[in-house]
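S.K.: Protein chains in written order, with my numbering: chain A, 2 to 103; chain B, 3 to 119; chain C, 404 to 576; chain D, 4 to 418. Glycine included, every Cβ here is placed at the ideal spot set by N, Cα and C.
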Amino acid sequence: MIPLSWYLLLAAALFAVGLFGVLARKNAIAILMGVELMLNAVNINLVAFWRYLDVQAIAGHAFAVMVFAVAAAEVAVGLALVISLYRRRQTVAADQIDLLKW
Amino acid sequence: MDNWLFIGIFILVAGVFPAMPIIMFHLFGPKRSNPQKLETYECGMETVGETWVQFKVQYYIYALVFLIFDVEIVFLYPWAVAFDSLPLLGVVAGVLFIFLLADGLVYAWRKGALEWS
Amino acid sequence: MTPMQVIFIITAVATVLAAIMVVSRRNLVHAALFLVITLFGVAVNFILLDAPFLAVVQVLVYIGAIAILMIFAVMLTRNIQEDGAGEAFNKNVGMAGLVSFLVLSLLVVTLGGWSEFRALPPVANTSGAVEALGLALASADGYVLAFEVASMLLLGALVGAIFVAWPRKNENE
Amino acid sequence: MDPLAALGEWFLNLLAMINLPPAVGQILLYLIGVIVIATVALVITIFNTWLERKIAARLQDRVGPNRVGPWGLLQPIADALKMLTKEDTTPAGADKIAFNIAPILAVVSVLLIWAVVPFTSQWYGTRLNVAVLYIAAVGSFGVLAVLMAGWSSNNKYALLGAFRAVSQLISYEVPLLLSLLIPVLMARSMDISTIVEKQGTLLEMFVVAAPLAFLLFFISSVAEVGRTPFDLLEAESEIVAGYHIEYSGFKFGMFQAGEFMHTFTISALTAILFLGGWQGPLVEQFPILGLVYFMGKSFAVYFVTMWMRSTLPRIRIDHMQSLNWKVLVPVALVLLMLTPLVDFFTKDLGNLFSLFVGSPAELTLSVRAGALLLTNLAIMLGAIEVIRRSVKRATKARVPFPRRDEARPPIEEAA
Chain A
2 MIPLSWYLLL AAALFAVGLF GVLARKNAIA ILMGVELMLN AVNINLVAFW
52 RYLDVQAIAG HAFAVMVFAV AAAEVAVGLA LVISLYRRRQ TVAADQIDLL
102 KW
Chain B
3 MDNWLFIGIF ILVAGVFPAM PIIMFHLFGP KRSNPQKLET YECGMETVGE
53 TWVQFKVQYY IYALVFLIFD VEIVFLYPWA VAFDSLPLLG VVAGVLFIFL
103 LADGLVYAWR KGALEWS
Chain C
404 MTPMQVIFII TAVATVLAAI MVVSRRNLVH AALFLVITLF GVAVNFILLD
454 APFLAVVQVL VYIGAIAILM IFAVMLTRNI QEDGAGEAFN KNVGMAGLVS
504 FLVLSLLVVT LGGWSEFRAL PPVANTSGAV EALGLALASA DGYVLAFEVA
554 SMLLLGALVG AIFVAWPRKN ENE
Chain D
4 MDPLAALGEW FLNLLAMINL PPAVGQILLY LIGVIVIATV ALVITIFNTW
54 LERKIAARLQ DRVGPNRVGP WGLLQPIADA LKMLTKEDTT PAGADKIAFN
104 IAPILAVVSV LLIWAVVPFT SQWYGTRLNV AVLYIAAVGS FGVLAVLMAG
154 WSSNNKYALL GAFRAVSQLI SYEVPLLLSL LIPVLMARSM DISTIVEKQG
204 TLLEMFVVAA PLAFLLFFIS SVAEVGRTPF DLLEAESEIV AGYHIEYSGF
254 KFGMFQAGEF MHTFTISALT AILFLGGWQG PLVEQFPILG LVYFMGKSFA
304 VYFVTMWMRS TLPRIRIDHM QSLNWKVLVP VALVLLMLTP LVDFFTKDLG
354 NLFSLFVGSP AELTLSVRAG ALLLTNLAIM LGAIEVIRRS VKRATKARVP
404 FPRRDEARPP IEEAA
């Protein structure tokens, strides 16, 4: 059967790839995609631990559903910011959004 | 798990079913192509510029409201399944949840974000 | 190797490869389509973990709504100049690669030597999970507070996002 | 014993005799089952293309296809052959992979629904305890297919059509999901077979207790398919042809086939979720009768969609969005707030009355169904009244159209 560590390794790989995307991408929407990858990695971990530790404890499911809600909220507001920014500055490159930078 | 094995096989077969006639069509259909035929179909006019249209923000707003509603409705399905064992408080919690959901719609409506202009 | 392991390895490799494509493709629509493949791979993993409800929700919410919203946003903010010539990465790409590689190797080293939970616990019947979740979400000694707070969070996100994205009156487009 | 189950048993025994491991036999059996279900769905679709043309013709006082085969029954085959003579084109600037995957995905998204549809009490692909959400989730691949088709064509009109189509599809998914919640709430289960089993008698059919949910589900499903009156995706006079403008031959045919199959699928789902699916008199003694009931109910609903198609004009895009966000979604939300409350408070009423008369279970049932029906009717009447008033207020300000002689003043006599 599949050991738990396999799932954790998959989640780790997804998390690292997502982290790279967040740190290295130039386009703000691509950064949000990286965040989504990281959130998915977290969800795999939550569900894997739920399955291997205690199926009766529903916390794994409840937290995973909360992560869905948080991801949706984050994407909605994040993309709204990107669109608003694009309308004013005609750019979606994250390193050109430096108005608050001194 | 067996159920999902069935679904997995179904996905594969469902992919093959429409792919078969398309491949057959690709192999046996007539091929008398010329560059004119492969041009973009825009009422016979020459295509000007790249394919790029500035879309209205309206499309995004609808998708946004849909996303939020989608997630909230997903929360309600387990609640509906467990309805028989819920106490009054649980039922009220669900109804309150739907009420909060409706508030978002009211805001969008009052803001005029639902108008197709 | 059992068939389950084969299925897991195939989906895991496909998921991670698609994720790498997501962060490296310059064409953002392609990146979003690869994101869909990644998300679907994660859904298959949920199935393997006996959580069909979460798998279905993953497809419904992530692929059906979030990915669609991403593609919409990409097309709304498409800029001809940035499309062809623009770089995919910013100037910190080397540093970012190093950091994420360090994180990954740390996790791999830690998890590689971990020998607990070799096999799936034999509890096969997880079909009551959806009902238990529904009960937990709406009962006072469960997650009813989290349930309502999630509703408030989503309401706030909806109001905030519409407020931000909707053009101001004095803004001439 | 059920004939199909006996056949499967015999097949497994046959495989065991030639020393195949049982797991392989099970997979082979699944594969055969999948192929049978998919073929049935496709054959029904092909038959429906003929039926639809015939009925649309009768409704418009024409004869319809009558040349190929008896009563024109072989017309679909002639259509398929004709499509094969078309040229397979992929536009020069198109994204080849996405362009070719999109039509396949469009069919897959509909075909997958049939994996959980119960034909009779014994005959179904598989039983999932999340079947209702599975159906909704599978539908999101259809949205993706539309977006991929529009984007990969590299054509302004295709992209614009895809945007319109997707905004319609996702908008109407909100009332669809909300109204799907009502049968789930009433059956206390997301398993579609359990939902059918709960609708044993006429009074238990969900259409009796929740007619408003039935209407909401039906309207939003028709919009989801994009049939008249919601066919602005391919409004020829406005946006050339919608997202599939660059497709030709069988690739275009796949989009059409997907749409036809989807129409029948939503009819079947309406029959299952609200009209009791395979339930009917004598179905316990002869399970095979269930197939007749199920098909009869599905085709009855399908006939209504065809009837709508031949009689209703196309709706305008702003009306389409207002109908969704300002009528269907608010009504669904109000319904969803009241239904659980009514349901909860009538749950034990039967026991109360049973002190005086009859058996509690039956009484509870009729009290609950009656209360829910009254709630539904009240919401429906209230909604109609609100809409009537707001329409009245909106039309008062409208400038009346000038009469003909005012609009065009008589020409002054020429000098």
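For Leu-103/B, tell me which candidate among Glu-551/C, Leu-436/C, Ile-466/C, Val-459/C has the shortest Cα-Cα distance.
M.R.: Taking the first residue of the second sequence as position 1, residue 103/B is located at position 101. Comparing Cα-Cα distances from Leu-103/B to each of Glu-551/C, Leu-436/C, Ile-466/C, Val-459/C, the minimum goes to Glu-551/C.
S.K.: Who does Ala-94/A pair with in a DSSP beta bridge?
M.R.: Position 93 of the first sequence, counted from the start, is the residue given in the question as residue 94/A. BP columns for Ala-94/A point to Asn-28/A.
S.K.: Which one or two residues does DSSP pair with Pro-121/D in a beta bridge?
M.R.: For the purposes of this step, residue 121/D is taken as the residue at position 118 of the fourth sequence. BP columns for Pro-121/D point to Tyr-127/D.
S.K.: Can you give me the C-alpha to C-alpha distance between Phe-85/B and Leu-184/D, rounded to a whole angstrom?
M.R.: Against the second sequence, residue 85/B aligns to sequence position 83. Against the fourth sequence, residue 184/D aligns to sequence position 181. Rounded to the nearest angstrom, the two C-alpha atoms are 12 Å apart.
S.K.: In the DSSP assignment, what are the bridge partners of Phe-492/C?
M.R.: For this step, residue 492/C is matched to residue 89 along the third sequence. Its beta-bridge partners are Arg-26/A.
S.K.: Please name the residue in Asp-4/B, Gly-96/B, Phe-30/B whose C-alpha comes closest to that of Val-27/D.
M.R.: Translated into positions along the fourth sequence, residue 27/D becomes position 24. If we check each option's Cα against that of Val-27/D, Asp-4/B comes out closest.
S.K.: Please report whether the beta-carbon of Gly-537/C lies at a distance below 7 Å from any beta-carbon of chain B.
M.R.: As a first step, residue 537/C must be located in the third sequence, where it is residue number 134. Closer than 7 Å: yes.
S.K.: Decide if Met-257/D is buried, meaning its Cβ has at least 16 other Cβ atoms within 10 Å, or exposed.
M.R.: Counting from one through the fourth sequence, the residue named residue 257/D turns up at place 254. So Met-257/D counts as buried.
S.K.: Can you give, in chain order, each stretch of the alpha helix (DSSP H) that sits fully within the segment 127-182 of chain D and has at least 4 residues?
M.R.: The segment 127-182 of chain D contains these whole alpha helix (DSSP H) runs: 134-155.
S.K.: Using a Cβ-Cβ cut-off of less than 9 Å, give me the residues of the segment 57-78 of chain A that come near chain B, in sequence order.
M.R.: Against chain B - using a Cβ distance shorter than 9 Å - the residues of the segment 57-78 of chain A are His-62, Val-66, Phe-69, Ala-70, Ala-72, Ala-73, Ala-74, Val-76, Ala-77.
S.K.: What residues of chain D sit near Ser-530/C, judged by a beta carbon separation below 7 Å?
M.R.: The residue you call residue 530/C lines up with position 127 of the third sequence. Residues of chain D passing the Cβ test: Asn-132.
S.K.: Nearest-angstrom Cα distance between Leu-69/B and Pro-178/D?
M.R.: Numbered from 1 along the second sequence, position 67 holds the residue referred to as residue 69/B. Numbered from 1 along the fourth sequence, position 175 holds the residue referred to as residue 178/D. Rounded to whole angstroms, Leu-69/B to Pro-178/D spans 13 Å at the Cα level.
S.K.: Give the C-beta separation of Val-547/C and Leu-82/A to the nearest angstrom, bearing in mind that I take them to be a contact with Cβ-Cβ under 8 Å.
M.R.: For the purposes of this step, residue 547/C is taken as the residue at position 144 of the third sequence. For the purposes of this step, residue 82/A is taken as the residue at position 81 of the first sequence. 31 Å between Cβ atoms; not a contact.
S.K.: Please determine, among Ser-313/D, Val-133/D, Ile-173/D, Leu-181/D, the residue with the shortest C-alpha to C-alpha distance to Ile-466/C.
M.R.: The residue given as residue 466/C occupies position 63 in the third sequence. With distances taken between Cα atoms, Ile-466/C lies closest to Ile-173/D.
S.K.: Which chain A residues sit within Cβ distance under 7 Å of Tyr-62/B?
M.R.: Your numbering for residue 62/B matches position 60 in the second sequence. Ordered by position in chain A, the residues that pass the 7 Å Cβ test against Tyr-62/B are Ile-84.
S.K.: What are the boundary residues of the alpha helix (DSSP H) that includes Arg-56/D?
M.R.: Taking the fourth sequence and counting its residues from 1, one reaches residue 56/D at position 53. Taken as a continuous stretch (DSSP letters only), the alpha helix (DSSP H) holding Arg-56/D covers 25-62.
S.K.: For the segment 10-40 of chain B, which residues have a beta carbon sitting closer than 8 Å to at least one beta carbon of chain D?
M.R.: From the segment 10-40 of chain B, only Ile-11, Phe-12, Ile-13, Val-15, Ala-16, Gly-17, Phe-19, Pro-20, Ala-21, Pro-23, Ile-24, Met-26, Phe-27, His-28, Phe-30, Gly-31, Pro-32, Lys-33, Arg-34, Ser-35, Pro-37, Lys-39, Leu-40 have a Cβ closer than 8 Å to chain D.
S.K.: Excluding five sequence neighbours on each side, which residues of the same chain lie with their C-beta closer than 7 Å to the C-beta of Thr-308/D?
M.R.: Taking the first residue of the fourth sequence as 1, we reach residue 308/D at position 305. Taken in chain order, the residues that qualify are Val-225, Arg-230, Thr-266, Ser-270.
S.K.: If I measure Cβ to Cβ from Pro-106/D and keep anything under 6 Å in the same chain, skipping five residues before and after, which residues do I get?
M.R.: Counted from its first residue, the fourth sequence places residue 106/D at position 103. Around Pro-106/D: Lys-254, Met-257, Phe-258.
S.K.: When you compare the CB positions of Val-111/D and Val-146/D, do they come within less than 7 Å of one another, or not?
M.R.: Taking the first residue of the fourth sequence as position 1, residue 111/D is located at position 108. Taking the first residue of the fourth sequence as position 1, residue 146/D is located at position 143. No; because the gap between Cβ atoms is not below 7 Å, this pair is not in contact.
S.K.: Could you have a look at Asp-321/D and say whether DSSP puts it in helix, strand or coil?
M.R.: Here residue 321/D refers to the residue found at position 318 when the fourth sequence is read from its first residue. Residue state, collapsed to three classes: helix.
S.K.: Using only the alpha-carbon positions, how far apart do Val-18/A and Leu-40/A sit?
M.R.: The residue you call residue 18/A lines up with position 17 of the first sequence. The residue you call residue 40/A lines up with position 39 of the first sequence. Whole-angstrom Cα-Cα distance: 12 Å.
S.K.: Put Pro-4/A into one of helix, strand or coil per three-state DSSP.
M.R.: Here residue 4/A refers to the residue found at position 3 of the first sequence. Correct three-state label for Pro-4/A: coil.
S.K.: If we ignore side chains and look at the alpha-carbon of each, how far apart do Val-447/C and Thr-414/C end up?
M.R.: Numbered from its first residue, the third sequence carries residue 447/C at position 44. Numbered from its first residue, the third sequence carries residue 414/C at position 11. The alpha-carbon atoms of Val-447/C and Thr-414/C are separated by roughly 7 Å.
S.K.: So, are the CB atoms of Tyr-246/D and Val-330/D less than 7 Å apart?
M.R.: Here residue 246/D is taken as the residue at index 243 of the fourth sequence, counted from 1. Here residue 330/D is taken as the residue at index 327 of the fourth sequence, counted from 1. Cβ distance not < 7 Å, so Tyr-246/D and Val-330/D don't count as in contact.
S.K.: Val-83/B versus chain C: which residues are under 8 Å apart at the beta carbon?
M.R.: For the purposes of this step, residue 83/B is taken as the residue at position 81 of the second sequence. Within 8 Å Cβ-Cβ: Val-533, Glu-534, Gly-537.
S.K.: Would you call Gly-279/D buried or exposed, if buried means 16 or more other Cβ atoms sit within 10 Å of its Cβ?
M.R.: Counting from 1 along the fourth sequence, the entry for residue 279/D is found at position 276. So Gly-279/D ends up on the buried side.
S.K.: Short check: CB of Val-37/D to CB of Val-67/B, under 7 Å?
M.R.: Along the fourth sequence, one-based indexing puts residue 37/D at 34. Along the second sequence, one-based indexing puts residue 67/B at 65. Not a contact, by the Cβ cut-off of 7 Å.
S.K.: Check the C-beta distance from Asn-495/C over to Leu-24/A and give it rounded, since I have them as a contact under 8 Å.
M.R.: Against the third sequence, residue 495/C aligns to sequence position 92. Against the first sequence, residue 24/A aligns to sequence position 23. Contact flag correct, Cβ pair sits at about 6 Å.
S.K.: Determine which residues of the segment 63-75 of chain B have a Cβ less than 8 Å from any Cβ of chain C, and write them out in chain order.
M.R.: Listed in sequence order: Ile-63, Ala-65, Leu-66, Val-67, Phe-68, Leu-69, Ile-70, Asp-72, Val-73, Glu-74.
S.K.: When the Cα atoms are used, what is the spatial distance from Met-34/A to Ile-80/D?
M.R.: What you label residue 34/A is simply residue 33 of the first sequence in a count that begins at 1. What you label residue 80/D is simply residue 77 of the fourth sequence in a count that begins at 1. For Met-34/A and Ile-80/D, the distance between alpha carbons rounds to 46 Å.
S.K.: Leaving aside the five residues before and after Phe-50/A along the sequence, list all residues of the same chain whose C-beta is less than 8 Å from its C-beta, in chain order.
M.R.: As a first step, residue 50/A must be located in the first sequence, where it is residue number 49. So the qualifying residues of the chain are Leu-5, Gly-61.
S.K.: Please report how far the alpha carbon of Leu-47/A lies from the alpha carbon of Gly-96/B, in whole angstroms.
M.R.: Start at 1 with the first residue of the first sequence, and residue 47/A comes out as number 46. Start at 1 with the first residue of the second sequence, and residue 96/B comes out as number 94. Those two C-alpha atoms are separated by around 25 Å.
S.K.: Rounded to whole angstroms, what is the Cα-Cα separation between Leu-501/C and Lys-58/B?
M.R.: Translated into positions along the third sequence, residue 501/C becomes position 98. Translated into positions along the second sequence, residue 58/B becomes position 56. The straight-line gap from Cα to Cα measures roughly 40 Å.
S.K.: Can you give the Cα-Cα distance for Pro-25/D and Pro-6/D, rounded to whole angstroms?
M.R.: Start at 1 with the first residue of the fourth sequence, and residue 25/D comes out as number 22. Start at 1 with the first residue of the fourth sequence, and residue 6/D comes out as number 3. Near 21 Å, if we compare the C-alpha coordinates of Pro-6/D and Pro-25/D.
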